[in-house]
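Engineer: Numbering (my numbering), first residue to last: 241 to 479.
1) Rounding to the nearest angstrom, what Cα-Cα distance links residue 278 and residue 467 in this structure?
2) Looking at the secondary structure, which residues open and close the alpha helix (DSSP H) in which residue 457 lies?
3) Exposed or buried, which one is residue 338 when buried takes at least 16 other CB atoms within 10 Å?
4) Which residue from 408, 447, 436 and 286 puts its Cα closest to that of residue 301?
5) Return helix, strand or coil for residue 390, following the three-state DSSP convention.
6) Please classify residue 405: is it buried, with 16 or more other beta-carbons within 10 angstroms of its beta-carbon, or exposed?
7) Among 383, 295, 418 and 291, which one has its Cα closest to the Cα of residue 332?
8) Alpha carbon to alpha carbon, how far is residue 282 from residue 324? Give it in angstroms, no decimals.
9) Let's see if you can read the secondary structure: which residues bound the beta strand (DSSP E) around residue 352?
10) Which residues mark the beginning and the end of the alpha helix (DSSP H) in which residue 346 is found?
11) How big is the Cα-Cα spacing for residue 294 and residue 421?
12) May I ask you to verify whether the region 413–420 touches the region 443–461, counting CB pairs closer than 8 Å and requiring at least 3?
13) Using a Cβ-Cβ cutoff of less than 6 Å, which residues in the same chain neighbour residue 317 once the five nearest sequence positions on both sides are dropped?
14) How is residue 296 classed by DSSP in three states: helix, strand or coil?
15) On the CB-based measure, 16 or more other CB atoms within 10 Å of its CB, does residue 440 come out buried or exposed?
16) Leaving aside the five residues before and after residue 392 along the sequence, list all residues of the same chain whose C-beta is less than 6 Å from its C-beta, in chain order.
17) Identify the continuous alpha helix (DSSP H) that holds residue 474 and give its terminal residues.
18) In terms of alpha-carbon separation, which member of 347, 308 and 433 lies closest to residue 321?
19) Among 341, 368 and 358, which has the Cα closest to the Cα of residue 380?
20) Between residue 473 and the rest of its own chain, which residues show a CB-CB distance below 8 Å, the 5 nearest in sequence each way excluded?
21) Using the Cβ count rule (16 or more neighbours within 10 Å means buried), how would you classify residue 266?
22) So, under 8 Å CB-CB, residue 412 and residue 390 are touching, yes? Tell me the CB distance rounded to an integer number of Å.
23) So, at 6 Å on beta carbons, what are the nonlocal neighbours of residue 296 in its own chain, with the 5 sequence-adjacent residues on each side left out?
24) Between residue 291 and residue 477, is the Cβ-Cβ spacing less than 8 Å?
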């Protein structure tokens with residue numbers, strides 16, 4: 241009986257502590273187990289992690305706030321492989337690299353929104369989320385007369401207010417199904433492996449303009465094409 245009482249007391253203490261932890265998490269907006277893929281706006285709007293799974297398409301998302309020195313070479317490789325990519329451009333980058341931005345667009349690639357200052361969009365309020373997206377939208381409209389409608393939050397960090405902001409501005413929020421992690425790991429073979437492992441219809445692959453991504457790019461495209469995939473823009477992929 242004594243052992244049973246001790247066990248019962250321990251369980252009661254555990255439940256109380258867990259309840260307190262959950263309450264604290266609710267107050268401070270901390271979540272320990274929620275998958276970001278289930279975050280939605282008040283209207284049910286969600287981010288997209290994969291394109292149309294009925295079509296044998298794949299998309300390369302090239303996010304730019306740095307790495308300008310590799311962009312032109314990557315454009316040449318895309319041309320050589322008859323592939324189109326979606327470039328998610330940061331506002332501060334675009335304002336300082338107008339000629340490169342125009343070159344990307346002139347080669348038929350899709351231009352999309354990556355925020356202005358590379359903020360953590362999960363940590364900023366609705367108003368600032370709107371500003372980050374809208375400032376970049378207006379800048380790109382002014383520079384190359386493009387009305388962007390795709391937004392990828394920097395570092396993939398977003399919350400319900402980010403989705404509310406994007407939705408209010410007529411944007412689709414894009415995430416990814418494969419991450420090359422090329423900003424961290426400077427390994428051409430590893431980048432290629434991450435981009436091409438377990439190929440699936442609608443894959444959206446995240447990458448950046450780095451030296452090793454540039455070196456891996458042709459092999460990545462060829463691998464998908466040899467498997468019967470078309471390398472298309474994100475807009476075409478999610479249609």
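Glycine included, C-beta positions come from ideal geometry on N, C-alpha and C.
Since the model is a prediction, treat every value here as computed from it, not as a measurement.
Structural biologist: Quick look at the numbers:
1) Approximately 31 Å between the Cα atoms of the pair.
2) Per DSSP, residue 457 belongs to the alpha helix (DSSP H) from 451–466.
3) By the neighbour-count rule (16 or more Cβ atoms within 10 Å), residue 338 is not buried but exposed.
4) Considering only alpha carbons, the answer is 447.
5) Looking at residue 390 - three-state DSSP - the assignment turns out to be strand.
6) It counts as buried.
7) The option with the nearest alpha carbon to residue 332 is 383.
8) Rounded to whole angstroms, residue 324 to residue 282 spans 34 Å at the Cα level.
9) In the DSSP assignment, residue 352 falls within the beta strand (DSSP E) that extends over 350–353.
10) Looking at the DSSP string, the run of the alpha helix (DSSP H) that includes residue 346 is 338–346.
11) Residue 294 and residue 421: Cα-Cα distance of roughly 27 Å.
12) Enough Cβ pairs lie closer than 8 Å, so yes.
13) The beta carbon of residue 317 is closer than 6 Å to those of 457 and 458 in its chain, skipping five residues each way along the sequence.
14) In the structure shown, residue 296 sits in coil (DSSP, three-state: anything other than H, G, I, E or B).
15) Burial call: exposed.
16) Excluding positions up to five away in sequence, the list reads 328, 354 and 414.
17) 474–478 is the extent of the alpha helix (DSSP H) around residue 474.
18) Checking every option, the nearest Cα to that of residue 321 belongs to 347.
19) Closest in C-alpha terms to residue 380, from the list 341, 368 and 358, comes 341.
20) Excluding sequence neighbours, residue 473 sits near 299, 324, 325, 326, 349 and 350.
21) Residue placement at residue 266 is flagged as unreliable, the pLDDT there being 35, under the threshold of 50; a coordinate-derived value is accordingly withheld.
22) With 8 Å as the limit, residue 412 and residue 390 qualify as a contact, their Cβ atoms being about 6 Å apart.
23) Contacts found: 441, 468 and 469.
24) Cβ atoms of residue 291 and residue 477: closer than 8 Å.
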